[in-house]
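What follows is a set of notes on a single structure, which appears directly below.
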Amino acid sequence: MSARPLRPLLVATVAIVAVSALGCHDSSGPEQSDPAIFTWNGDLKPQGIIHLRNVNGSVQVRPSHDSAVHVLAGARWHRGDPKTDLKFSVINGDNDVTVCVIWGKGDCGEHNYTTGPSFLKFMRKGTDATVTLTVEVPARVRVDAFTANGSIDVAATAPVRAYDVNGSVRVATAIGPVDAVTVNGSVDVRMTTIGSDTGRVRAETVNGSAKAYVPAELDGDYTLKVTNGGITNDFGAFDGAAIARSKTQTGTLGHGGRDIIVKALNGGVGLYKLNADGTPMTKP
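Okay, so the sequence shown: first residue is 167 according to my numbering, each after it adds one.
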């Protein structure tokens, strides 16, 4: 999976604009819904990547019942018509698929997903729809998900990257690593094994708890850091007083190498051992 994230400008713009939009527009009319406003089905081979891009709504990923990708978008709204105000875009690459929900004039792409400069005005006068993306992915397909307002919940069998702004992130996969970040919400990442992908393991948030569950036998260099909260670490005994003063732990597991980062500003952090069946070795 490419280590290059979404453009920083996109994340900053979406964060500011989306939060402002949700706080300043007024709903009008009764709530309406369409559980299948958009559907798409297509093939994606093992080791492929699916990129999921949303702004206002959650992203849910589950294992596919067959060898294909299945995308289902459901919408809820009070104003406007999402069937005409929104655009759903699917871009097929050599061994990747990008699925975007676009409000107003925007672009769809793995690295250049945008909502356009008119997003705030659009949310005030266009549809106020919330869109939930529910996606089934085949075995060993990697997941790369982003949303600004809503949760991300992934159950997978390959490495995962999940970036959020306002919402919690939960990822469970048979094969890591997992890189998960949000601003407002908790992060919980679990991987029963870690494959040949050399990427980092990360669980990071500003407001909320951050927890990473990893195999007991693992090579890596970890950093656990918190400002307002406590630290839990299954991989060794530490001086509690020293932890309270520093609010930071660093250490090496096995032969080291891979970065393992668990950080929170306001909330506790934890690094936990995970059994092969996906259950924690110790109770958090």
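Even for Gly, the Cβ is constructed at its ideal location relative to N, Cα and C.
Would you kindly check if the distance between the Cβ of residue j and the Cβ of residue i is under 8 Å?
i: glycine 333; j: serine 224; result: yes
i: leucine 431; j: asparagine 399; result: no
i: valine 267; j: valine 297; result: yes
i: arginine 242; j: alanine 295; result: yes
i: valine 301; j: valine 227; result: yes
i: glycine 434; j: glycine 402; result: no
i: alanine 382; j: alanine 376; result: no
i: asparagine 350; j: valine 372; result: yes
i: glycine 342; j: asparagine 220; result: no
For residue i, which residues of its own chain have a beta-carbon under 6 Å away from its beta-carbon, when the five flanking residues on both sides are left out?
i: threonine 414; result: Lys391
i: valine 335; result: Ile318, Ala328, Ala346, Thr348, Val353
i: alanine 234; result: Asn207, Asp209
i: alanine 442; result: Thr358
i: threonine 339; result: Ala322, Val326, Met357
i: asparagine 394; result: Asn432
i: phenylalanine 204; result: Ala239, Phe254
i: glutamate 276; result: His217, Thr264
i: valine 355; result: Val337, Val344, Ala346, Ala369, Ala378
From the options, pick the residue whose C-alpha is nearest to that of residue i; which is it?
i: threonine 364; options: Leu252, Val331, Val344; result: Val344
i: lysine 271; options: Ile257, Gly420, Thr281; result: Thr281
i: alanine 378; options: Trp269, Leu440, Asn315; result: Leu440
i: proline 304; options: Gly361, Val237, Asn278; result: Val237
On the DSSP bridge assignment, give the partners of residue i in chain order.
i: isoleucine 257; result: Thr264
i: proline 446; result: Leu440
i: isoleucine 360; result: Gly342
i: tyrosine 279; result: BP columns for tyrosine 279 are empty, so no partner.
i: alanine 202; result: Answer by DSSP bridge pairing: none, since alanine 202 is not bridged.
i: glycine 386; result: Leu419
i: glutamate 302; result: Arg228, His236
i: methionine 391; result: Before going further, note that residue 391 is lysine rather than methionine in the sequence given. Answer is Thr414, Lys429.
i: histidine 217; result: Thr264, Asp310
i: aspartate 470; result: As shown, the chain starts at 167 and ends at 450. That puts residue 470 outside it, with no answer to give.
i: glutamate 197; result: DSSP, once it has assigned bridges, lists no residue as partnering glutamate 197.
i: valine 355; result: Val337, Ala378
i: threonine 296; result: Arg242
i: threonine 323; result: Partner(s): none; threonine 323 has no beta bridge.
i: arginine 368; result: Asp345, Ile427
i: aspartate 273; result: Thr280
Can you tell me whether residue i is buried or exposed, with buried defined as 16 or more other CB within 10 angstroms of its CB?
i: serine 199; result: exposed
i: proline 196; result: exposed
i: aspartate 232; result: exposed
i: asparagine 222; result: buried
i: proline 229; result: exposed
i: cysteine 190; result: Confidence is the limiting factor: at cysteine 190 the pLDDT is only 47, short of 50, which leaves the residue's position unreliable, though a coordinate-based value still follows. So cysteine 190 counts as exposed.
i: threonine 445; result: exposed
i: histidine 217; result: buried
i: threonine 448; result: exposed
i: alanine 324; result: buried
i: glycine 374; result: buried
i: alanine 108; result: The structure shown does not extend to residue 108, since the chain is modelled only from 167 through 450, so no value can be given for it.
i: isoleucine 360; result: buried
Please return the same chain residues whose Cβ sits closer than 8 Å to the Cβ of residue i, not counting the five positions on each side in sequence.
i: aspartate 387; result: Thr416, Gly417, Thr418, Leu419, Gly422, Gly423, Arg424, Asp425, Ile426
i: glycine 214; result: Asn261, Asp262, Val263, Val307, Arg308
i: valine 428; result: Arg368, Ala369, Glu370, Ala376, Lys377, Ala378, Tyr388, Thr389, Leu390, Lys391, Val435, Gly436, Leu437
Might you give, ordered along the chain, the residues of its own chain that have their beta carbon closer than 7 Å to the beta carbon of residue i, omitting 5 neighbours on each side?
i: lysine 211; result: Asn261
i: threonine 293; result: Trp243, Arg245, Gly246, Asp247, Pro248, Asp251, Leu252
i: valine 202; result: The identity of residue 202 in the sequence shown is alanine, whereas the question assumes valine. The answer, listed in chain order, is Leu238, Gly240.
i: leucine 188; result: Unreliable placement is indicated for leucine 188, whose pLDDT of 49 sits below 50; no coordinate value is reported for it.
i: aspartate 385; result: Leu419, Gly420, His421, Gly422, Gly423, Arg424
i: serine 362; result: none
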